[in-house]
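Heads up, the sequence shown is in the working numbering, so the first residue is 2 and it goes up one at a time. The beta-carbon is built from N, C-alpha and C at its ideal position, and this holds for glycine as well. Please read all numbers here as calculations on a predicted model, not as lab measurements. One structure below.
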Amino acid sequence: MELYSNVVSYASLLTGFEKVEEKNSAAGIDGISVDEIESNLEWHLNRLRYELVTFTYKPKPLLMFEKEKNDGSKRRLMIASVRDRIVQTAALSAMEPILEPEFENESYAYRKGFSREGAARKINLLYRKGYRWVLDADINDYFDMVNHNLLIKRLEVIIDDTNFLNLIKMWISAEYVFGSKKGKFKKGLPQGLVISPILSNLYLDKLDEHIKNNGYRLVRFADDFLILTKTKPEALKAFQLTVEILNEMQLELNTQKTAIKTFDKGFKYLGYLFLKSLILPASKEDKSNPLDIDIDTIEPELKKYIKKINNKEIQKPLQESKKQILKSSEVGLALLKALKKKGITLTEYLATLKLEKNVQEKTLIEETEEILLSEDEYKNTDLQDETSKKELTQTFPLKTTLYIQEQGAILTKEANIFIIEKNRIEMLDVPIIKIKEIIIFGTCTITPAVMQYCFRKHIPITLLSSRGNYYGIIHSASITDSNLFKLQVLRSLDKNFLLKISKNIIKYKINNSKILLQRFYKKNKINDIRTGIIELNRIITMTENAKDINQLRGFEGSAAAIYFKIYGYLFNKNTYFFTKNFSRNKRPPLDPINSLLSLGYTLLHYNIVSFLYARNLNPYVGFIHKDRANHAALASDIIEEFRNIIETLAVKVINKKILKHTDFYYAKEPGTPCFLTNAARKEYIRQFEIKMHQKITHPATGIKTDYRRCIDLQIQQLVQVLRDEKETYIPFSIKL
């Protein structure tokens, strides 16, 4: 009952909805889409939960359709209703940690940390260990033949929860509608169900165990698998054993797709061509090479082509000769396709093999673009001082953040362009030179070429949930200035330095909050605001006399409590959001204003993280905020000076009715977060970018620039202070 209780909790169903929404799939037979459920999420989830708790829940019939395969045959797929996908997703999250330990490492499909590329690497490793014979096997109509009774018996051994198992039984034996026909599944796993992949792995786990226990090497991806042996007789014995095991499981091999093969003659598996130790993509759909190509992986067949290329008798231009020779064979064609998809020229590839002399990676185009961009910024600036112009061009001119919010999108790279596409339709392209960081909401695929480029150019990729919750950051994390890093660490251990810089930052932060209230008070003489301003002034004075960092943190907390208590007054009285007693809540945000603040602070935080990396500072070594796991403490320090950006932005989008109360949804159940709708989130991020590009005067330097460059100038100033090139750090301040 414990597992079932976990599934039917409101939190699990809400998480299930978020994951379903990220996949952005179609409505089921009832015609109710994800957007429709989102528009009244509280009602739908509570209704679903009531049915589950009272055991009146019944899945909707599956909508069946046919999809053509590459070979021209068709396979039948199912679409469950959105409500059923929500419950199945919650169930999957609950049982995945229980079933996963049962699986063998030889199973590579539908598992976190396992992939098609990982399977290819394993096959290559086994080849190097002397396994040269392969039983290439395929199970006949596997997903249609799974025996329900055998599957449930296997589940019962692992999961002792009758109610949970009843859910599984209902889903795998669901009714379906195919055109004008209706039916019910008596066997098989409906393809397209959220739970089918993990159940398919569980059913075949018996096969994995038997093959492994009999001493054979196995690589399985769903119902396609290879058994690798050192001799042909062993491969034949593996074939006989496989037939026996599958008979016990009421399955059989597809004889047309099952054969004994060798690496010497080559074979295709999972979209890769395996020829001796060479692995190359073998189909148009492949977008990556599972191995780093080096001189040791190149077989004599390929070396023959290289030898011909370097033959003095070739009179054509060298590059064209290379391509023509490679195009003369399947291996050569596969190599050219692989290099093209990895964004590597043939010349660069041959240089890595040390087969062509004096060839270096060409970055001249990129370097030229960076120079021209700096010159363009130089021409457009209003500054007259040559020194100031030079300083401005060092603040990453015109570079911005690339946001990806479309669920299921793919981020690719061609030449010097980032391309976002979905379902093979190009949605956006942007010059790479303009991007300083990438922030992804929800589910998006990033190609290896993009990852490699971002690592090389130190472009951080921040991963957030579709709701803005932080997952992690992908970054090369290289330290090019070790002396600065040492200084940063040493300063973080210096109590006097900590107190001095913290006093300045916190004092300016509180003062910025006070100025925002003063601006409003000029037009709205409200006593509560006047009292708050007086209280903030008193705390500012107290910060100057703080004896240690902990006392200073206490003052900051008191100031924040006073400020946010009256922050609600800043919203127009005629709006849905006006409140005299606003309170700040974070994890999770429980109302629209807190939702705007939390998302805004997150966006600003990771903008700051990217600038810190660019200036060779470690975002995780801070001064004010305490160190804790996975917390970029220094970014949290810097954001204190700039919180007014987000606080004024929230007021703007509400007071100008850019966002309305219908752009938010949440449940009244305690502890349930408030969310922006997809369209509202996109608009809010657009407004955030407008705000970040707003022209202001940087207080410390007098440079007229935008907020992003102000952040960078503050970080440059911090570097000067760490190096003792400047005595005092002056935080960012706003004017009354």
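Asked	Found
Beta-carbon gap between I647 and Y602 smaller than 7 Å	yes
The region 210-230 / the region 116-124 touching (three or more Cβ pairs under 8 Å)	yes
Beta-bridge partners of S108, as assigned by DSSP	R221
Contact under 7 Å by Cβ, A110 with F222	yes
Cβ contact (3+ pairs, closer than 8 Å) linking the region 98-118 and the region 25-45	no
L190 beta carbon less than 7 Å from that of V147	yes
N484 versus N617, A239, R457, residue with shortest Cα-Cα distance	N617
Endpoints, alpha helix (DSSP H) assigned at V652	644-656
Distance between beta carbons of A95 and V8, contact taken as under 8 Å	5 Å
Same chain, Cβ closer than 8 Å to D707, neighbours up to 5 away in sequence not counted	M693, H694, Q695, K696, I697
DSSP state of M250 mapped onto helix, strand, coil	coil
Proximity below 7 Å, CB of Q489 to CB of V622	yes
DSSP bridge partner residues for M693 (one or two, in chain order)	Its beta-bridge partners do not exist; DSSP assigns none.
Pairwise C-alpha distance: Y685 and P62	38 Å
Host alpha helix (DSSP H) of R76 (start-end)	Note, R76: premise wrong, no alpha helix (DSSP H); beta strand (DSSP E) at 75-80.
Distance between beta carbons of I527 and L737, contact taken as under 8 Å	So it is not a contact: roughly 17 Å between Cβ atoms.
Given 8 Å, three or more beta-carbon pairs between the region 252-269 and the region 167-184	no
Cβ-Cβ distance between L271 and R84 below 7 Å	no
Buried or exposed (CB count within 10 angstroms, at least 16 for buried), T463	buried
CA-to-CA distance, E642 to L605, given in whole angstroms	11 Å
Contacting residues, own chain, Cβ-Cβ under 8 Å from L598 (five flanking each side not counted)	R585, P590, I647, E648, A651
Selected residue, minimal CA-CA separation from W134, among I411, P234, I594	P234
Distance between E726 and I38 (C-alpha atoms, nearest Å)	58 Å
From P593, I563, L553, residue whose alpha carbon lies closest to that of F572	P593
Reduced DSSP secondary structure (H/G/I, E/B, other) of D592	coil
Euclidean distance between Cα positions of H476 and E415	21 Å
Nearest-angstrom Cβ-Cβ length linking L247 and I140, presumed shorter than 8 Å	7 Å
Range of the contiguous beta strand (DSSP E) that encloses D430	426-432
Coarse secondary structure for T444, derived from DSSP in three states	coil
Entirely enclosed alpha helix (DSSP H) segments - the region 155-240, minimum 4 residues	163-173, 197-214
Cβ neighbours of I534 in the same chain (closer than 7 Å, five flanking residues each side left out)	K515, L518, Q519, Y522
C-alpha gap between M452 and S40, whole angstroms	36 Å
Beta-carbon separation (whole angstroms), L403 vs I436, contact threshold 8 Å	5 Å
Residue closest to R539, alpha-carbon to alpha-carbon, out of F486, A560, L242	A560
Pairwise C-alpha distance: N656 and F144	55 Å
V54, buried or exposed, once every other Cβ within 10 Å from all chains shown has been counted against 16	exposed
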